[in-house]
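Protein chains in written order, with this note's numbering: chain A, 876 to 1304; chain B, 1363 to 2346.
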């Protein structure tokens, strides 16, 4: 056994000598690349065995069986190819170390601040962002948090010199935290420690409505005196931006969707959706996709099924909704576990390819980047990776090659460097 | 007869002594009243069990002289005929705050930052205040006394309800006229204790329940030491504590588990506390009975939740719904088990609700005799005052109630509440019951009159034919005043009448609209009959849902039993040198692994076809905080004296969820608020058992240490507690180990020494009897602790978290310490910048024993997957990775001779998985501890259905309660917090 580890380590160490420039963005694709003999998980529910995938100039040009490879050939026999995983609703690059306030840029002061933009604060040099890539998480929606309307997100890819390079879709959506009917008691003020009714719920709901109506009225005839917050909402009303509404309770979801639809907001996405499974016909009727909470969560209530968070995405998929998984409430570093959140649903009986869609094709569609990302499709960006095994399972998620927009991406990180440095110290023992 | 005369004589003497006759009298002549007052023909409850029909009660000078059926009535007696009336001893409350001003809570101003005592010449901890005395704060308040008398109370024991040791109480009779000289029955009546800190003191320690427990243990040891004259300094608290030793000791527990915790401390120090309960004692009645304590029960039964909005109803846990349903059975359950208890007003907003709640308890099965005991004889005996109060036997205070009937009936009227022989009128007893139907002919018209309502406050309805006429009516001191307006005019009739006796007709004077006066007679046509409430009738026997083990959602209806189980044809991950065995059978018998092999046959075994499935040893989580009520005692930088075993919460849903994730054992660790934390509890997750049964028998001894940001309080904004740097952390250890070394040497020298629980525990570490599991992150501090340990000649057992262990793995191997780490956590604090997921693999490659732990309720239930990640990061083999959550943590916890692998003779703690257990796709199908199936996928489905049904049943009962006019409360979710290392 010891010997085997020895060998594995030596192999890795020798590889690392060749690889330099960790976190140095890959160079633009110049040579056509063909991946051959792979099992290709397309991200739209289908699989192609013995697949050849060709990409040039950053785009997929061919995919299928019996295609003659051209250019640089990567023989992926026994391996699998996946589209890059997409992490929605994350503050990646906005926080480096949770406990260090100076490294935290996720939550600006103010309750209704859609004009606050995540993109310009996104740190492409983040060590945490870099650690996403060896697990296949290659794209993210960088999202401000806190307040009622937290700000405006942007979608980036995880291999860039600066935020402009990183941008896939700038200012893609505004994020609204719907008020909650119950709130945690302020124990230090003598309230109980659990959840108590939020007496201000209706008032807070009215504040949202008032803001939306004002923002809309403002847009009909923009005055000279500019209002940054109202201005930042105009994309929501002219359907160029999405509204992401965060709600978990059945009642809150119904209120949120009803109020927003009544105010002519059509392109909206439900984020969270802990009790969405109870009202799937309602969500279907309103054609609302769900970025459901990640599976590695605890049930919110003591009497809930122990596996409710595990199976929640399946319940929504089975009901015919468009579903993606997000882990917005988790620490940034956890986001590299995105594939395993999807894998968890397979354990609950969801088809593996459908589970894969929860972090690829579906998510791209929900975020509105499916023209270029999310599936292995001719014409789309070559943002994909090769894994030794099943990438949704810890045991198989071993990446050998990663490409973003056709560029070859380093699999090294701050963490792999430390690993190798110390194994070297111990002489690979 | 002679005896009687003698006792009469004695009483007479004591009566005159009582009269303070040495006080000067300046407003007249000195006079005495030694007359007797005699109550005859009443049904007298001398005690709850001794009832005299048509009895006579003789009182004089505030005391009972005689009670019985045939009694010679003294000549100088004032006689009161109480035919048809009842006499009861008045009620006693032993847990009152009457007349004693209570300290007010200061507004919250952040985490406490005061670590030292604020007092001089008292105990080192401000929350220990045995020197306090309710006597010094007592001020009689007749307004409140009046309310209490109205509720039937005669005597209360009052105290300052503040602090952990609260000092002595004061026993007060609610005597309106005698002055404090008379009404103070005892000015040092009992000593009170609790687990709650003083609201007036800011000293941080203890911040937790386990700290309060440790403080009480140390306090008793110190008191003993002090009493032996060993202290060179004055400690007025300990002096008071020792002086109060002979008093009755009353402990405010307010919860079934706290009652057991308090009782253990009492037992260890030679006290049998009387315990203020919490109303949930019924859930664990056997353990409650075993305390041998007398209980004081609040009657604050929870109100039904307003579940009319289904979204809101969702928030209420089944546990809380059940408690609403089951709590009124609490007194009955205690009575059935022979646990003596009294009732208290404590916990009720107003005494007005008291009677209704007793009646509710009676409706839920409590006998009226037991109810009366709980208000009279039991509280008297708790206070050790049975010879003065609680009954109407000769010589007791003349404290009694006169009622119209059974005191526990809703319609019964309390007429008088006599305290120390002083009459207090609650309702006029002489008032005649005039209820009934009458006809009143007046000015040529026949009116019909209906008098109903209660006998003392009747209501009237006047009709002409079928039309109701406006009227005004009052009935007081037997005088009726009635006015009404004739239907067809503005003309007013006014009537008055003095009711002289229970005659059938009412006669009196009528003033007609024209001012002329005449007599009138209203002739009785029918007697009054009480209408029984329909709802009460329908609800004679309330629906009570059964208690489960534990009494929360997913509890067992009956505790599961050990079985003989034979797993057939499965893949067995032995976690032993045998590796992974395919197509193998495993027999479990008598709670142990009995056989491993092929084609095993066993008579009477339940056979489980496990083809295609995987059987493993149960997962062991080296680092958890689930099933704990608190995690940190943060009041000192060393708290070796506290024990996690003291605060295990066996009802925590996290236990069930962990079982569903294949976890069978865990170390419940103290948090990381201080360099030297508390002692661990090593648990088996036996869902449904009590806390004591979850803890390993002959458990290895462990203690939590911690390093780095948390112990420096880096992320708290606190800057005053030593240490604030890693440099200081080392000094804390050296200081404490040196002190413990010196302590141990003194102890072993047989010279007198002050017992110090904290030093005892640290000395155990030095002596190799207790093992350290140390929260650690960066390499410098890891190295430091190993060097400190080596200096004191012992080994650190485990570094937990140990995220930079990979940097010093060789040194760890040399020292001989194990590692228990996260699979892939990092970046949440500055000190985990260099944490890498390859850590486990690197340490393992250097020969360190490595376990993967959770420190998190969510991750704990997926530790199999976390082990799977070790295959991914660093290339550890599947077999070795699996050991990191089974045999390796067992080794680190020194329980590998019992659990952690599938080996003949070991405890049958096993899990059946649907897939390879390291896979994200694997599900635990059965989780078994010592042959008992605590989790089963199929049983779980049934439990879910049962929860839905029961919730619905209880919701319907609550809707019914609301519809019947019962009080309701807003739904809320009482949620247990998910605790981590730094939870406070």
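Note that the Cβ used here is the ideal one computed from N, Cα and C, for glycine as well. Please read all numbers here as calculations on a predicted model, not as lab measurements.
Short CB-CB distance (under 7 angstroms) between residue i and chain B
i	result
residue 974 of chain A	yes
residue 1125 of chain A	yes
residue 1206 of chain A	yes
residue 1294 of chain A	yes
residue 1173 of chain A	yes
residue 1264 of chain A	no
residue 1072 of chain A	yes
residue 1290 of chain A	yes
residue 1269 of chain A	yes
residue 1215 of chain A	yes
Start-to-end residues for the alpha helix (DSSP H) that takes in residue i
i	result
residue 2018 of chain B	2015-2022
residue 1686 of chain B	1680-1688
residue 2180 of chain B	Unbroken run through residue 2180 of chain B is the beta strand (DSSP E), 2180-2183; no alpha helix (DSSP H).
residue 1117 of chain A	Careful: residue 1117 of chain A lies outside any alpha helix (DSSP H), inside the beta strand (DSSP E) at 1117-1122.
residue 1089 of chain A	1076-1095
residue 2177 of chain B	2171-2177
residue 924 of chain A	It is not in any alpha helix (DSSP H) - residue 924 of chain A instead sits in the beta strand (DSSP E) that spans 922-931.
Rounded Cβ spacing between residue i and residue j (contact assumed at less than 8 angstroms)
i	j	result
residue 1194 of chain A	residue 1159 of chain A	7 angstroms
residue 1618 of chain B	residue 1650 of chain B	6 angstroms
residue 995 of chain A	residue 955 of chain A	About 37 angstroms separates the two Cβ atoms, so there is no contact after all.
residue 1454 of chain B	residue 1531 of chain B	In fact, because the Cβ distance is near 13 angstroms, the residues do not count as touching under 8 angstroms.
residue 2290 of chain B	residue 2272 of chain B	5 angstroms
residue 1934 of chain B	residue 1977 of chain B	5 angstroms
residue 1774 of chain B	residue 1721 of chain B	Not confirmed; about 10 angstroms, so no contact.
residue 1419 of chain B	residue 1406 of chain B	6 angstroms
Cutoff 7 angstroms: residue i Cβ touching any chain A Cβ
i	result
residue 1468 of chain B	no
residue 2318 of chain B	no
residue 2030 of chain B	no
residue 2281 of chain B	yes
residue 1354 of chain B	Given that chain B is displayed from residue 1363 to residue 2346, the structure contains no residue 1354 of chain B and the question cannot be resolved.
residue 1420 of chain B	no
residue 2306 of chain B	yes
residue 2233 of chain B	yes
residue 1951 of chain B	no
N- and C-terminal bounds of the beta strand (DSSP E) containing residue i
i	result
residue 1044 of chain A	1042-1052
residue 1945 of chain B	1942-1951
residue 1184 of chain A	Premise fails: residue 1184 of chain A lies in the alpha helix (DSSP H), 1183-1193, not in any beta strand (DSSP E).
residue 1545 of chain B	Counting along the chain, residue 1545 of chain B falls outside any beta strand (DSSP E), though it belongs to the alpha helix (DSSP H) covering 1542-1545.
residue 1444 of chain B	Here residue 1444 of chain B belongs to no beta strand (DSSP E), and DSSP marks it neither H nor E.
residue 2351 of chain B	Coverage of chain B is limited to positions 1363 through 2346, which leaves residue 2351 of chain B absent and any answer about it impossible.
residue 1417 of chain B	1413-1422
Reference residue i; option with closest CA among the options
i	options	result
residue 2203 of chain B	B:2197, B:1727, B:2236 and B:1418	B:2236
residue 1973 of chain B	B:1533, B:1762, B:2277 and B:2315	B:2277
residue 1914 of chain B	B:1596, B:1775, B:2050 and B:1821	B:2050
residue 2097 of chain B	B:2115, B:1687 and B:2151	B:2151
Contact with chain D by residue i, beta-carbon distance below 7 angstroms
i	result
residue 922 of chain A	Chain labels in this structure do not include chain D; the protein chains are A and B.
Residue i Cβ short of 6 angstroms to the ligand ADP heavy atom set
i	result
residue 2064 of chain B	Inclusion of the ligand ADP in the displayed structure is not the case, the ligand content being empty and no account of it being possible.
task: Counting only runs of 4+ residues fully inside the segment 1214-1266 of chain A, write out the alpha helix (DSSP H) ranges in chain order.
output: 1227-1232 and 1236-1242
task: Within the segment 2082-2160 of chain B, note down every full beta strand (DSSP E) run reaching 3 residues or more, in order along the chain.
output: 2133-2138
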